[in-house]
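Here is the structure we will look at, set down as structure tokens.
2 protein chains.
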Amino acid sequence: MGCIINPEIQSKINGLVISPLKQIEDERGDILHMLRSDSPLFSKFGEVYFSNTNPGVIKAWKRHKKMTQLFALPVGRIRLVVFDDRSNSLTKGQLQEIILGRPDKYYLVCIPPMLWYGFQGISEIPALMVNCSDIPHDPNESEQLPFLNDHIFFDWKQV
Amino acid sequence: MGCIINPEIQSKINGLVISPLKQIEDERGDILHMLRSDSPLFSKFGEVYFSNTNPGVIKAWKRHKKMTQLFALPVGRIRLVVFDDRSNSLTKGQLQEIILGRPDKYYLVCIPPMLWYGFQGISEIPALMVNCSDIPHDPNESEQLPFLNDHIFFDWKQV
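Sequence order for the protein chains is A and B.
So the first sequence is numbered by this note's numbering: it starts at 40 and just counts up by one.
So the second sequence is numbered by this note's numbering: it starts at 40 and just counts up by one.
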């Protein structure tokens, strides 16, 4: 039995947090932390659900007006891209790409409202993202842009 | 795109709930429900974490004195066994075996305190159990029994 905690990743975007999560190795099956009620990243519970992303698929772009999301990726691997176009943000214009997947990139990612984000499956198996949000899903509080658009310049083809 | 909801499973044990969960099929990757704050099964948020069970491995027996657990199994397949030895329970002596795994056995299972439970990985890949509990993990509020013992008669070898 061992315990893995990956190195800190610096966030380039105000409010975006990338926090190392503990993986407890066990030959019977590993235990993986995600979120406790006493974590500084927890505010309130809205919903927990799972989003699979098949190999190569791009799910982008989306932003929530009210919801704060907490992501963990216990299975597979994705690239997650976050873009800040908030008019009053000190980090306006910043874009950050984060690779997520075990065992070397196992993190809790906190995405506050009004940040654009998208992701792509980059493992041979479907990637399972667990999303724990502070409000339940509501289709009226999110908006989308096509993955190719004139507003966010990111080349999804270039891995 | 389609939506799968499996048939109801009757609980044989007082307080044990086995509730069908929605699977939204999508060629880019399926979306899987687990728990919303407005669900009748949600009381309060304590912790969400993941427990992998490798093929064939038996993790049994355990019971919590205070914690209510909510299980979902988005990856792999397990048999979950629950045993009631609560002295004042109307279903004392009952044992229930539940198979969990997508797409035909995707359920939310609620295990209240003082029920014994154990599970076994029965898929070729590690099974990923997501556990959302009403209090954070505390090693002092749970107790264990070996999977072979004189108190709970269950033959783990017989699948």
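All C-beta atoms in this analysis are idealised placements derived from N, C-alpha and C, irrespective of residue type, glycine included.
Assuming residue i and residue j form a contact by the criterion Cβ under 8 angstroms, report the distance between their Cβ atoms to the nearest whole angstrom.
i: A/D77; j: B/P178; result: Not confirmed; about 15 angstroms, so no contact.
i: A/V96; j: A/Q159; result: 7 angstroms
i: B/L60; j: B/Y156; result: Contact doesn't hold; Cβ gap of about 19 angstroms is too wide.
i: B/I137; j: B/R116; result: That pair is no contact at about 11 angstroms.
i: A/F110; j: B/F84; result: The Cβ separation is near 17 angstroms, so there is no contact.
i: B/V169; j: B/M40; result: Not really, about 23 angstroms apart at Cβ, beyond 8 angstroms.
What does DSSP give as the partner residue(s) for residue i in the beta ladder?
i: A/H72; result: B/Y88
i: B/E182; result: B/R102
i: B/E136; result: B/V120
i: A/V148; result: A/I57, A/F110
i: A/L167; result: A/N91, A/V114
i: A/F158; result: A/K98, A/L119
i: A/I43; result: A/Q62
i: A/S172; result: A/E86, A/Q108
When you compare only the Cα positions, how much space is there between residue i and residue j?
i: B/E86; j: A/Q108; result: 16 angstroms
i: A/E180; j: A/I161; result: 28 angstroms
i: B/V120; j: B/G54; result: 15 angstroms
i: A/Y88; j: A/C149; result: 15 angstroms
i: A/G140; j: B/N91; result: 15 angstroms
i: A/L154; j: A/P79; result: 20 angstroms
i: A/S126; j: A/I52; result: 13 angstroms
i: B/W165; j: B/Q183; result: According to the sequence shown, residue 165 of chain B is Pro rather than Trp. Distance between the alpha carbons of B/P165 and B/Q183: 23 angstroms.
i: B/D123; j: B/T130; result: 7 angstroms
i: A/Q133; j: A/S50; result: 10 angstroms
i: A/P152; j: A/H103; result: 5 angstroms
i: B/E47; j: A/E47; result: 44 angstroms
i: A/I106; j: A/C171; result: Reading the sequence as shown, one finds Met at residue 106 of chain A and not Ile. So the two alpha carbons sit approximately 10 angstroms from each other.
i: B/L71; j: B/N45; result: 13 angstroms
i: A/P185; j: A/E163; result: 24 angstroms
i: A/K101; j: B/K101; result: 42 angstroms
i: A/E66; j: B/N93; result: 8 angstroms
i: A/D173; j: B/R75; result: 10 angstroms
i: B/S128; j: B/E64; result: 40 angstroms
i: A/F192; j: A/V114; result: 28 angstroms
i: A/L147; j: A/Q62; result: 12 angstroms
i: B/L112; j: B/D69; result: 14 angstroms
i: A/A99; j: B/R118; result: 37 angstroms
Using a 10 Å radius around the Cβ and a threshold of 16 neighbouring Cβ atoms, would you call residue i buried or exposed?
i: B/C42; result: exposed
i: B/L167; result: buried
i: A/S82; result: exposed
i: B/I57; result: buried
i: A/H190; result: exposed
i: B/P142; result: exposed
i: B/D194; result: exposed
i: B/L187; result: exposed
i: B/Q197; result: exposed
May I ask you to list, following chain order, the residues of the segment 42-76 of chain A that have a beta carbon less than 9 angstroms from some beta carbon of chain B?
-> D65, E66, R67, G68, D69, I70, L71, H72, M73, L74, R75, S76
Can you list, in chain order, the residues of the segment 137-170 of chain B whose Cβ is nearer than 8 angstroms to any Cβ on chain A?
-> G160, P165, A166, L167, V169
Anything in the segment 91-124 of chain B with a Cβ closer than 7 angstroms to a Cβ of chain A? List those residues in chain order, please.
-> N91, T92, N93, V96, K98, P113, V114
Chain-ordered residues of the segment 173-198 of chain B with a beta carbon less than 7 angstroms from chain A | P175
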